[in-house]
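Note that the sequence shown covers residues 57 to 324 in our numbering.
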Amino acid sequence: MTTETNTAQIAAAFVAARRAGSGLATYPSEKPSTLAEAYTIQDAAIALDGRPVVGWKVGRINAPLDTELGANRLAGPIFADTVFSAEGNTPELPVFADGFIAGEAEMMLHVAEGFAGPIPTNDNETKAILDEVRLGIEVASSPYPGINADGPCVTASDFGNNAGLVLGPVLADWQALDLCAIVVTTEIDGVVVGEATAATMLDGPYGAVRFLLANLVARGIDVSQGFWVSTGAITGVHQALVGQKVTASFGQHGSLSCILTAAGPKQA
Numbered sequence: 057m058t059t060e061t062n063t064a065q066i067a068a069a070f071v072a073a074r075r076a077g078s079g080l081a082t083y084p085s086e087k088p089s090t091l092a093e094a095y096t097i098q099d100a101a102i103a104l105d106g107r108p109v110v111g112w113k114v115g116r117i118n119a120p121l122d123t124e125l126g127a128n129r130l131a132g133p134i135f136a137d138t139v140f141s142a143e144g145n146t147p148e149l150p151v152f153a154d155g156f157i158a159g160e161a162e163m164m165l166h167v168a169e170g171f172a173g174p175i176p177t178n179d180n181e182t183k184a185i186l187d188e189v190r191l192g193i194e195v196a197s198s199p200y201p202g203i204n205a206d207g208p209c210v211t212a213s214d215f216g217n218n219a220g221l222v223l224g225p226v227l228a229d230w231q232a233l234d235l236c237a238i239v240v241t242t243e244i245d246g247v248v249v250g251e252a253t254a255a256t257m258l259d260g261p262y263g264a265v266r267f268l269l270a271n272l273v274a275r276g277i278d279v280s281q282g283f284w285v286s287t288g289a290i291t292g293v294h295q296a297l298v299g300q301k302v303t304a305s306f307g308q309h310g311s312l313s314c315i316l317t318a319a320g321p322k323q324a
């Protein structure tokens with residue numbers, strides 16, 4: 057069980073390491089054992105960090121931990137200065153060279169400004185609160201190398217293991233498409249490392265939005281300002297190295313790439 061002192065210590069350690077672009081060889085204090093503890097740490101770190109949050113990543117919690125923890129997904133913030141456009145270019149995404157690094161092909165759904173509830177209960181209701189869908193890549197990186205191996209509570213405690221969002225092409229006519237039928241391929245340095253559809257993702261990208269809204273409302277976080285939802289890894293969480301190129305292809309709908317670079321100290 058994490059205490060208030062431990063919560064502050066963990067949040068401060070992760071925020072400092074992320075600002076410095078450095079690694080954390082060990083977890084900063086006693087690890088959270090519940091998602092409630094993890095989100096308490098995450099909320100403290102968001103407040104301490106101070107950067108504007110413009111989106112949220114959603115990640116899957118696999119069995120049997122989903123039953124043990126009472127949730128099959130987790131969430132983490134996406135900060136404004138970590139969102140990059142891949143339209144017509146290949147952006148460089150800073151990652152923690154001494155930590156954990158991965159690339160994930162994902163669909164990015166944007167909740168329109170002004171949402172005031174109720175939380176949607178089905179896909180059609182969810183579509184009605186969205187104003188854009190883009191193809192994308194989530195860059196998962198943490199100063200702590202064991203962020204994923206140590207389980208979902210540890211993952212959630214450090215911003216959900218998020219380090220950035222790459223926004224690719226707009227998905228045209230998304231309202232009429234079956235998002236779960238689009239075949240997605242992920243490559244690292246030109247080598248295919250995964251192929252799948254979003255049909256493997258619980259109740260799909262729209263379900264990820266519903267989960268996130270419920271999660272944020274329960275935590276007392278404002279959901280009215282409009283924000284991106286990185287809806288979850290479609291082909292897997294593909295570990296990578298500094299200098300490698302991650303490409304996500306969505307068939308006829310388009311593709312995008314980014315290059316992973318070593319993070320340095322952030323300017324004050």
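Yeah, the Cβ is synthetic: ideal placement off N, Cα and C, and Gly gets one too.
For residue 152, there is no enclosing beta strand (DSSP E), since its DSSP letter is neither H nor E. When the Cα atoms are used, residue 113 and residue 291 turn out to be separated by approximately 16 Å. Apart from the 5 residues on each side of it in sequence, residue 146 sits with its Cβ closer than 7 Å to the Cβ of 313, 314 and 315 in its chain, given in chain order. Per DSSP, reduced to three states, the secondary structure at residue 199 is coil, with no helix or strand assignment. At least 7 Å separates the beta-carbon of residue 117 from that of residue 63. By DSSP's assignment, residue 241 forms a beta bridge with 251 and 305.
Assigned with DSSP and collapsed to three states, residue 256 falls in helix. By a beta-carbon distance limit of 8 Å, residue 156 contacts residue 203. Their separation comes to about 5 Å. Per DSSP, reduced to three states, the secondary structure at residue 283 is strand. Bounds of any alpha helix (DSSP H) do not take in residue 236, whose DSSP letter is neither H nor E. In the three-state DSSP reduction, residue 175 falls in the coil class, being neither helix nor strand.
The segment 293-304 and the segment 259-276 do not touch, with fewer than three beta-carbon pairs separated by less than 8 Å. Between residue 173 and residue 256, the alpha-carbon positions lie close to 28 Å from each other. Between the alpha carbons of residue 165 and residue 227 lies a gap of roughly 10 Å. In the DSSP assignment, residue 140 falls within the unbroken beta strand (DSSP E) covering 139-141. In the three-state scheme derived from DSSP, where H, G and I count as helix and E and B as strand, residue 226 is classed as strand. Residue range 121-125 is occupied by the alpha helix (DSSP H) that includes residue 125. A direct Cα-Cα distance of roughly 39 Å separates residue 317 from residue 180.
The straight-line gap separating the alpha-carbon atoms of residue 132 and residue 213 is approximately 8 Å. Exclusion of the five residues before and after residue 102 leaves 133 as the residues of its chain whose Cβ lies within less than 6 Å of its Cβ.
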